[in-house]
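Here's the structure we're looking at; comments come further down.
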Amino acid sequence: MSTIETWKALLEGKNADEVVTKALVRDVELPYGAGTMALITLDNGLDHTKPNTFGPHGLLALNGALDAIAARSDLAAVGVVGKPFIFAVGADLKGAAAVSSREEALAIGQLGHHVFRRLGELGVPSFAFVNGAAMGGGLEIALHCTYRTVSSGVPAVATPECFLGLVPGWGGTQLLPRLIGPEKALKLIVENPLSQNRMIKGRDAFALGIADAMFEPADFVEESLRWAAQVLRGEVTVERADHTAADWAPVIDQARTLVDLKLRGASPAPYRALDLMALARTASRDEGFAAEDEALADLLMSDELRAGLYAFDLVQRRAKRPAGAPDRSLARPVTKVGVVGAGLMASQLALLFARRLEVPVVLTDLDQARLDKGVGYVHAEVDKLLGKGRISADQANRLKGLVTGSLTKDAFADADFVIEAVFEDLGVKQKVFAEVEEVVSETCVLATNTSSLSVTDMAAGLRHPGRVVGFHFFNPVAVLPLLEIVRGAATDDATLATAFAVGKTLKKSCVLVKDAPAFVVNRLLTRFMGEVTAAADEGTPLEVADHALDSLGLPMTPFALLQLVGPAVALHVAETMHAAFPDRFGVSENLAKLVAAGKPGLYGPDFQIDPEVRALFEGGSSPSTADDVRLRALRALAQEIRLMLDEGVVSAPQDIDLCMILGAGWPFHTGGITPYLDRTGISEEVTGSRFLEPGVASVPA
Amino acid sequence: MPASREVVFVDGVRTPFGKSGPKGLYAETRADDLVVRVIRELMRRNPGLPPERVDEVAIAATTQIGDQGLTIGRSAAVLAGLPKSVPGYAVDRMCAGAMTAVTTVAGGISFGAYDVAIAGGVEHMGRHPMGEGVDPNPRFLSEQLVDGSALVMGMTAENLHDRYPSITKERADAFAVASQEKVAKAYADGRIQRDLVPVAARKAAEGWGLATVDEAPRPGTTLEGLRTLKTPFRAHGRVTAGNASGINDGATGCIVAAEDVAGELGLTPRMRLVSYAFAGVDPEVMGIGPIPSTERALRLAGLSVDDIGLFEINEAFAVQVLAFLEHFGIADDDPRVNPYGGAIAFGHPLASSGVRLMIQLSRAFAERPDVRYGITTMCVGMGMGGTVIWENLA
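Those sequence lines, one after another, are chains A and B. Once you know that position 647 of the first sequence is 647 in the UniProt record's numbering, the rest is easy, because the numbers rise by one and skip nothing. Once you know that position 134 of the second sequence is 134 in the UniProt record's numbering, the rest is easy, because the numbers rise by one and skip nothing.
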């Protein structure tokens, strides 16, 4: 059997539900008598909301098309173009998650190379016409071609593999740095994926030299074909710089340092990408592609990738269809919003509601000066958006007109949704809601942005307690995508459905949580920080405690997070949690001292531990090793998550992970947190069982 | 504002014309996208014309719904990337739509309302079959305002044969064969391709392709072959698919400008507007429309038919061209008439054809600098004719 037959035999039976991207071939007579081009259209037969991807069947289909093309002698060129709005967005991730052996993983890499590299090894020049989104393997198809054009309307060009836990290993690590030089390639292959998976646009791709020519979307295919004809006739010459003479080591080392700062070795993929790119300067095609095959096989069989795929699926699917949310037809329209309070949080909420819901938003406060400041904040933020060109002058006028202030709550009379953002005190909030209920309609939703108080208690005493719902945002409100929607004991379905509908319009990812102390993210972060702080209290050196969990690659260390939140807020939450669960949540005396001393955190402005703070923490007598601290914190997390699931705080571990990814920025390679606890054996050790079945977010057993 | 200015035809392009229907070139291509291609190619070919100097975009379509609706001149201008400051509108005079777009903007230019305009037309007869959505007033028939055959163009052509008994089916077929031959020769000589804008046309099941030539011409058509065709409009009639234009998809467009502004912008005008006229006739013999419209245009220009050195007459039906020629005493095979062939071979996407005639006349002018005047003329449904007389600037 030929190798292609071997791969076919190995892969063809797999992934039976692959949505196959077809390679449709049509002959095109090029302008200026430049000859015939066999133009391949990549099309999976669905509309642009289901982009072209490549699994084994799609690769084999493209291979078949290339077989037919290679057998012809009448062609001047070969072209590749996508379906409308989409070029191709890479490997079929569902298929990647189903790979069960290293042999199979290796075959996927090899088959991809075998097929794609043919585009660069035909007897005639090949042209990629990147008419729409091109990501990962999709971009690699284009890279294998001799020439590329890109549409100025393309919204996304990227190699997002490292974001998920892979490398662009169907040629990307070898071809891209040689094409555009190592610095720019590193940005695409490593830096952007590790920066919230940033993508670039068609114009940027042209500016970086990924494409040789750029045309407007209105007649992109026609102009690309015209350009191809000019290239073939020698009327247009493509000049490309040779990047292989310089020493790539310094820029790659520098990138490695940056990766280390972010990940501290927690995910192997970016490191493998760096190694492969280092190889690309001198390696032959065969050597380079073989090295990519090995890296892909290793990574496809890594738990970090599987956790990444799991996390990606949570963010892409589960976040859009929140588990347990009532039928959306129950939601009531929201045509006006009230915000109680005019402080910073209230003002941020007012801005968000006005921008996303585009309905009138009234802030109320008892103090005219505070009210003016709150409305003024919103107007200033609107002006900033205008200054950055994010909104037009008309939109700015509209938004400013939408946000007003009132000293009395009568202004809420025709509001459909009122959210309070007043001082975190149950009595105060109960009083506020009672006052609001006096003026609003019977169906107006009352939402609270509390982070730790009981939504049920807040509704007690109201005439219509069913209308109260928790609406817990994360700071900064405009940036963090998570919204914990809290169902109190009395919250009715219409209220809950309205809350989910509003959350979706606010472009937040909503997770339904039970009315339990601190809900999900704050509860887990507090528990986790409590253990690290306790270790410090016991005498563990502060640096050791703070860096004990570096190997997880979290976005910041525990004490950096403490600094961000502020010691006073952290202490307040710790006390609340201690009151609820005294056995598991302690209150650090040193933290109280830190607050009393008015320190902003443990670190001074020089990013070193403040000596006075160090002195505050002295006196502990049983220091732990970093390993001990790490295990202690992780075990505490496992215990707390098990308890939360048993209490029904959320419906599944998936929701815990979604909350930690979107609310705390915990990384994909830990899958949020439960996949990490499972794969390190901590869940079983602490709770007697895994949170997720093997294969869900790990390599199948 | 100048009271009256000379108006010139600067440049014109068109898409290749496709055959309508599921197998046609543009079966899955939108009509507005065809117009967009034309506008963009006009702008590309005339870099001296700053886009913001286009003062109007007038685009004709007979069926103005769906992708031919939404005030297609304006919507196509926006889609083509012209500045939002450039206005546009839609025109309808059925087959003479693009011709009317040209004469209307020309009137505006002459009056001083515009300096430069884009005028053209489109008809995707596959997506919009003739008569789609029409709702004729019952009074037409009850009060015998028109004959029952008036709305079926093939029947009006049969009626025209009745009016001109000397125009036999054999003469019509011979004219049709000649039209095919002239188109084949014009293609062979490269006289057509230079004004075609290639269109990337995608079909879901086949992927992207590129339309570069007209789909309808049938080179090698013979009299014998035509003789066997059916006469669908009348038993033992004379009008067949072979001596009539087909059902087609396509778009055309041209740049029309005040002569002084064209000079200022460094544009090269090809012909100057001399006069134009439209005329009405009995709808059931709409094919004779070009006769009164041409007589009127000649009178307005102070010219006689003998002054006309080139004729581009739309070949909706061979009989209607032959009636015109017979009326003016011109031979069926006069070389001044449709030298590159006509709609019987190229096809006739209704509202677009008027500008195709102008493109071809301007090219024929260039080859015949000795000719001073030429006309473009066509018959129009509901009983009309349109004629534009042009002066050669080559």
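Ideal Cβ placement from N, Cα and C applies to all residues, glycine included.
(request) Please state if the CB of residue 293 (chain B) and the CB of residue 386 (chain B) are separated by a distance shorter than 8 Å. (result) Pairing residue 386 (chain B) with residue 293 (chain B) gives a Cβ-Cβ distance under 8 Å.
(request) With 9 Å as the limit, tell me which residues of the region 30-45 of chain A have their beta carbon closer than that to any beta carbon of chain B; keep them in chain order. (result) Sequence-ordered contacts of the region 30-45 of chain A with chain B read 30, 31, 37, 39, 40, 41, 42, 43, 45 [C-beta pairs closer than 9 Å].
(message) Is residue 253 (chain B) close to chain A? Criterion is C-beta to C-beta, closer than 8 Å.
(response) It does not: the Cβ of residue 253 (chain B) has no partner Cβ on chain A nearer than 8 Å.
(request) Using three-state DSSP, classify residue 95 (chain B) as helix, strand or coil. (result) Residue 95 (chain B) falls in the strand class under three-state DSSP.
(request) Within the region 249-280 of chain B, note down every full alpha helix (DSSP H) run reaching 4 residues or more, in order along the chain. (result) List check, alpha helix (DSSP H) in window: 259-264.
(message) Using C-beta distances below 8 Å, list every residue in its chain close to residue 202 (chain A), excluding the 5 sequence neighbours before and after it, in chain order.
(response) For residue 202 (chain A), where only same-chain residues beyond five positions count, the Cβ hits under 8 Å are 130, 150, 151, 152, 153, 154, 155, 157, 211, 214.
(request) Compute the distance between the beta-carbons of residue 249 (chain B) and residue 26 (chain B), then report whether it is under 8 Å. (result) Closer than 8 Å, so yes.
(request) Using the DSSP secondary-structure output, state which residues sit across from residue 208 (chain B) in a beta bridge. (result) B:202.
(request) Decide yes or no for the touch test of the region 75-87 of chain B against the region 25-40 of chain B: beta carbon pairs closer than 8 Å, at least 3 of them. (result) Touching, yes.
(request) Compute the distance between the beta-carbons of residue 81 (chain B) and residue 216 (chain A), then report whether it is under 8 Å. (result) By the CB criterion at 8 Å, residue 81 (chain B) and residue 216 (chain A) fall inside the cutoff.
(request) State the DSSP-derived secondary structure class of residue 712 (chain A), mapped to helix, strand or coil. (result) This structure cannot speak to residue 712 (chain A), because chain A is shown only from 1 to 701.
(request) Could you tell me whether the Cβ atoms of residue 356 (chain A) and residue 506 (chain A) are closer together than 8 Å? (result) Cβ atoms of residue 356 (chain A) and residue 506 (chain A): closer than 8 Å.
(message) Give me, in chain order, the residues of the same chain whose beta-carbon lies closer than 7 Å to that of residue 616 (chain A); leave out the 5 immediate sequence neighbours on both sides.
(response) Non-local C-beta neighbours of residue 616 (chain A) in its own chain, meaning closer than 7 Å and more than five positions away in sequence, comprise 590, 593, 594, 597, ordered along the chain.
(request) Assign residue 607 (chain A) to one of two classes, buried (16 or more other C-beta atoms within 10 Å of its C-beta) or exposed (fewer than that). (result) Exposed, since its Cβ has fewer than 16 Cβ neighbours within 10 Å.
(message) What ranges does the beta strand (DSSP E) occupy inside the region 70-158 of chain B, keeping only unbroken runs of at least 3 residues that lie completely in it?
(response) Runs found: 88-91, 116-124.
(request) Just grab the DSSP bridge partners of residue 514 (chain A) for me. (result) DSSP lists A:487 as partners of residue 514 (chain A).
(message) Applying the 10 Å Cβ sphere with the 16-neighbour rule, what's the burial state of residue 19 (chain B)?
(response) Buried, by the Cβ-count rule.
(request) State the DSSP-derived secondary structure class of residue 669 (chain A), mapped to helix, strand or coil. (result) Residue 669 (chain A) falls in the helix class under three-state DSSP.
(message) Would you call the region 358-372 of chain A in contact with the region 403-415 of chain A, where contact means no fewer than 3 C-beta pairs closer than 8 Å?
(response) Touching, yes.
(request) Using alpha carbons as the reference points, say which of A:604, A:269, A:458, A:205 lies closest to residue 487 (chain A). (result) With distances taken between Cα atoms, residue 487 (chain A) lies closest to A:458.
(request) Could you check the C-alpha separation between residue 290 (chain A) and residue 284 (chain A) for me, to the nearest Å? (result) Taking the straight line joining both Cα atoms gives about 10 Å.
(request) Identify the continuous alpha helix (DSSP H) that holds residue 169 (chain B) and give its terminal residues. (result) First-last of the alpha helix (DSSP H) with residue 169 (chain B): 169-188.
(request) Report the residue from A:541, A:143, A:31, A:381 whose alpha carbon sits nearest the alpha carbon of residue 622 (chain A). (result) Residue A:541 is the option with its Cα nearest to residue 622 (chain A).
(message) Going by DSSP, what residue range makes up the alpha helix (DSSP H) through residue 503 (chain A)?
(response) Residues 493-505.
(request) Classify residue 48 (chain A) as helix, strand or coil using the three-state DSSP reduction. (result) If DSSP states are grouped into helix, strand and coil, residue 48 (chain A) belongs with coil.
(message) Checking the sheet assignment: what are the DSSP bridge partners for residue 472 (chain A)?
(response) Here residue 472 (chain A) is bridged, per DSSP, to A:484.
(request) In the DSSP assignment, find the beta strand (DSSP E) that holds residue 58 (chain B) and state where it starts and stops. (result) Under the DSSP assignment, residue 58 (chain B) falls in the beta strand (DSSP E) whose first and last residues are 56-60.
(message) By the DSSP assignment, the beta strand (DSSP E) with residue 214 (chain A) in it spans what residues?
(response) Membership of residue 214 (chain A) in the beta strand (DSSP E) is indicated by the continuous run 213-215.
(request) Pull up the distance between the alpha-carbon of residue 388 (chain B) and that of residue 376 (chain B), whole angstroms please. (result) For residue 388 (chain B) and residue 376 (chain B), the distance between alpha carbons rounds to 5 Å.
(request) Measure the CB-CB distance between residue 657 (chain A) and residue 671 (chain A) and report whether it falls below 8 Å. (result) Contact flag set, yes.
(message) With a threshold of 8 Å between beta-carbons, can residue 76 (chain B) be considered close to chain A, or not?
(response) For residue 76 (chain B), the answer is no, since every Cβ of chain A falls outside 8 Å of its Cβ.
(request) Output the boundary residues of the beta strand (DSSP E) element that contains residue 392 (chain B). (result) 384-392 is the extent of the beta strand (DSSP E) around residue 392 (chain B).
(request) Check the Cβ of residue 81 (chain A) against every Cβ in chain B and list those closer than 7 Å, keeping chain order. (result) Going along chain B in sequence order, the residues near residue 81 (chain A) (Cβ under 7 Å) are 208.
(message) Is there a Cβ of chain B sitting closer than 8 Å to that of residue 219 (chain A), yes or no?
(response) It does; some Cβ of chain B falls within 8 Å.
(message) Judging by CA-CA distance, which residue of A:461, A:485, A:481 is the nearest neighbour of residue 469 (chain A)?
(response) If we check each option's Cα against that of residue 469 (chain A), A:485 comes out closest.
(message) Under 8 Å, CB to CB, which of the residues in the region 18-29 of chain B have a partner in chain A?
(response) The region 18-29 of chain B vs chain A, Cβ under 8 Å: nothing.
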